[in-house]
Amino acid sequence: MKKVDLQVQGMSCGHCVKAVEDALRLVDGVRRYDVEIGKATVECEEHVRRDALVAAIQDAGFEVG
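Now the structure itself:
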């Protein structure tokens, strides 16, 4: 398992947090996540690429810095 910290831009409320959580939930290999306004910490299997996490968050309408 590895831990990935991401800075998420464009989040402003609980609905944003839920949208990011829902996006991360769909990434194969993600085991746990902690999402707060402005950031996400993801625990995932070693094979999960950071790019896949970023793409999922971007697909939800947010930017990753």
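Each residue of the sequence shown is one higher than the one before, counting from 1 in UniProt numbering. A virtual CB, placed ideally from N, CA and C, is assigned to each residue, including glycine. Being a predicted model, the structure only gives us computed values, none of them experimental.
- My guess is that A40 and V20 are in contact by the Cβ rule of under 8 Å, so how many angstroms apart are they, rounded? Here residue 40 refers to the residue found at position 40 when the sequence shown is read from its first residue. Here residue 20 refers to the residue found at position 20 when the sequence shown is read from its first residue. Indeed they touch by this definition, with Cβ atoms about 6 Å apart.
Discussion item. Quick check for students: name the residue ranges of the alpha helix (DSSP H) that lie wholly in the UniProt domain "HMA" (2–65), counting only runs of 4 or more.
Written reply: Within the UniProt domain "HMA" (2–65), the alpha helix (DSSP H) runs of at least 4 residues that lie entirely inside it are, in chain order, 14–25 and 50–59.
By Cβ distance below 7 Å, which residues in the same chain neighbour R50 in space, the five residues on each side in sequence not counted? For this step, residue 50 is matched to residue 50 along the sequence shown. Correct list, in chain order: V4.
(message) Counting C-beta neighbours from all protein chains within 10 Å, is the total for M11 16 or more, i.e. buried, or is it exposed?
(response) By 1-based counting over the sequence shown, the position of residue 11 is 11. Counting Cβ neighbours within 10 Å, M11 comes out buried, since at least 16 surround it.
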